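Participant:
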Amino acid sequence: MSDDTRIRVDGPSPYDVVVGRSLAPQAGALVAGATRVVVVCDQHVVMRGDEIVRLLHDDGIEADVHVLPGGEAAKSLDVLADLWSELGRRRLTRNDALIAVGGGATTDVAGFAAATWLRGVRIVHVPTTLLGMVDAAIGGKTGINTSVGKNLVGAFHPPAGVLVDLEAVDSLPQAEWVNGMAEVVKAGFIADPAILELVEAGAVAPGRPGAREVIERAIRMKATVVSADLREAGQREMLNYGHTLGHAIERLENYEMPHGHAVSIGMVFAAALSEQAGRLDPETAQRHRSVLTTVGLPTAYRRHTFDELVDVMRVDKKARGSTLRFVVLDALAIPAILEGPADSLLRSAFDEVAA
């Protein structure tokens, strides 16, 4: 009997996120009816992409691997244009499909290619990093980075399905596990405090039952939110907790800092902002630093970058005109929006993460 968990994501184009082991054989059913499939693969997990190609061949589907650079280097217009050219060479039609195998950058780029090729073809996500499993592969947000900021060019394009294979977690480098835990911890603070309790109890590590539990909890949280708000018109904006400052830090670091590290610092900042605005109790604000340090994430950033970070945040996609908007907490698991905080408040909160 299968021990797969199926988590439904509702909306205009519903799909399932399947959590389990040895899930690659299920990819064929998700692209049924396709004549050709391009498996878009992170350069670090080509063997997993090759396995899916072999299984698709067994199903009578023509398939080839297209390899992307690893990490944020994949999220450029040049890489996207090369992928578009590949889809043209393979003569992908509207009945055909892409399968993205890799981390969040891979699912972002491949998803954007699928959203724009012939104005939309199917895509299946097979995330191989914790960050991809609990965040990037779910919800249909796709995109690339530009010289001015992160994820400013993109589209909403829900996948046909997501396969979260826990075998990939077992072999994750420790650094990738830690990077992904930022989004897991975020889910705990904005919606599901049981995640924080599991982390604090030391029950969460690759191969331990607690790992699967927090992964499924984080996925369920995101599935619930995006089911109600696909296009980030309301509730979904809460998923950006820690991301306004986090994305600005990534931009200043030329995307060389891991996403989870930047979001971790961003959450400590958002908690400080929440507390100093009189909206969050000091204990919950301090708990951010404690939990994130426990999982090995940074909580501080270079002190003399404040003015640069504010300039970058003003072109963040969550800003409205010249008004900065931040996701904050009114209490544990009660997120809200803070609009137009005074520069003095921003600077004071930044002092809490300045190193």
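Here the sequence shown is numbered in our numbering, starting from 75 and rising by one per residue. The beta-carbon is built from N, C-alpha and C at its ideal position, and this holds for glycine as well. In this text, all values refer to a predicted model and were calculated from it rather than measured experimentally.
(1) Judging by CA-CA distance, which residue of Gly-228, Ser-221, Gly-223, Leu-205 is the nearest neighbour of Val-215?
(2) Looking only at C-alpha atoms, which of Ala-171, Val-337, Gly-145 sits nearest to Arg-193?
(3) With respect to the alpha helix (DSSP H) encompassing Val-273, which residues constitute its N-terminal and C-terminal limits?
(4) What residue range does the beta strand (DSSP E) around Glu-125 cover?
(5) Which residues does DSSP list as the beta-bridge partners of Phe-230?
(6) To the nearest angstrom, report how far apart Thr-367 and Thr-373 are at their CA atoms.
(7) With 16 other CB atoms within 10 Å as the buried threshold, where does Met-312 fall?
(8) DSSP on Gly-85, reduced to helix/strand/coil?
(9) The beta strand (DSSP E) spanning Pro-356 covers which residue range?
(10) Given that a residue counts as buried once 16 or more other Cβ atoms are within 10 Å of its Cβ, and exposed if not, what is Val-386?
(11) With a threshold of 6 Å on Cβ separation, who are the neighbours of Asp-425 within its own chain once the five nearest residues in sequence on each side are excluded?
(12) Where does Asp-244 fall in DSSP's three states?
(13) Measure the alpha-carbon distance for Met-207 versus Leu-347 and round it to whole angstroms.
(14) When you compare the CB positions of Leu-406 and Leu-237, do they come within less than 8 Å of one another, or not?
(15) Where do the ends of the alpha helix (DSSP H) carrying His-321 lie?
(16) Starting from Arg-196, follow the beta strand (DSSP E) in both directions and report where the run begins and ends.
(17) Identify which residue in Ala-336, Val-175, Pro-233 has its Cα closest to the Cα of Ala-188.
(18) Taking Cβ to Cβ, would you say Thr-202 is nearer than 8 Å to Gly-176?
(19) What is the C-beta distance between Val-259 and Phe-343, in whole angstroms, given that I count them as a contact (C-beta under 8 Å)?
(20) Considering only their Cβ atoms, is the gap separating Asp-239 from Gly-281 smaller than 8 Å?
(21) Look up Arg-286 in the DSSP assignment and say whether it is helix, strand or coil.
(22) Grouping DSSP H, G and I as helix and E and B as strand, with all else coil, what is Asp-156?
(23) State the DSSP-derived secondary structure class of Leu-172, mapped to helix, strand or coil.
(24) With a CB to CB cut of under 7 Å and the five nearest residues on each side skipped, what residues in its chain are close to Glu-160?
(25) State yes or no: is the C-beta of Leu-226 within less than 8 Å of the C-beta of Val-183?
(26) Measuring CB to CB, does Gly-316 end up less than 8 Å from Val-337?
(27) Identify every residue that forms a DSSP beta bridge with Pro-409.
(28) Would you identify the three-state DSSP class for Glu-250, choosing helix, strand or coil?
Facilitator: This is what the structure gives:
(1) Looking at the sequence shown, residue 215 is not Val but Lys. Residue Gly-228 is the option with its Cα nearest to Lys-215.
(2) Ranked by Cα distance from Arg-193, the first of Ala-171, Val-337, Gly-145 is Ala-171.
(3) Residues 268-274.
(4) If you look at Glu-125, you'll find it isn't in any beta strand (DSSP E); it sits in the alpha helix (DSSP H) that goes 120-132.
(5) Looking at the DSSP assignment, Phe-230 forms a beta bridge with Lys-215.
(6) So the alpha carbons of these two residues sit roughly 7 Å apart.
(7) So Met-312 counts as buried.
(8) Coil, per DSSP.
(9) Per DSSP, Pro-356 belongs to no beta strand (DSSP E); it is in the alpha helix (DSSP H), 356-368.
(10) Answer is buried; the Cβ neighbour count reaches 16.
(11) Hits under 6 Å: none found.
(12) Three-state DSSP puts Asp-244 in a helix.
(13) Rounded to whole angstroms, Met-207 to Leu-347 spans 29 Å at the Cα level.
(14) Not in contact: Leu-406 and Leu-237 (Cβ atoms no closer than 8 Å).
(15) Counting along the chain, the alpha helix (DSSP H) containing His-321 begins and ends at 317-326.
(16) For Arg-196, the enclosing beta strand (DSSP E) has its first and last residue at 196-201.
(17) The residue with the shortest Cα to Cα distance from Ala-188 is Pro-233.
(18) Result yes, Cβ atoms of Thr-202 and Gly-176 sit closer than 8 Å.
(19) Taking a contact as a CB-CB distance under 8 Å, the pair Val-259 and Phe-343 does not count as one, their CB atoms being some 14 Å apart.
(20) No.
(21) DSSP, reduced to helix, strand and coil, places Arg-286 within a helical segment of the structure shown.
(22) Here Asp-156 sits in helix by DSSP.
(23) In the three-state scheme derived from DSSP, where H, G and I count as helix and E and B as strand, Leu-172 is classed as strand.
(24) Contacts found: Val-112, His-140.
(25) In this structure, Val-183 does not lie closer than 8 Å to Leu-226 by Cβ.
(26) For the pair Gly-316 and Val-337, the CB atoms are nearer than the 8 Å cut-off.
(27) Looking at the DSSP output, Pro-409 shares a beta bridge with Leu-403.
(28) Judged by DSSP in its simplified three-state form, Glu-250 adopts helix.
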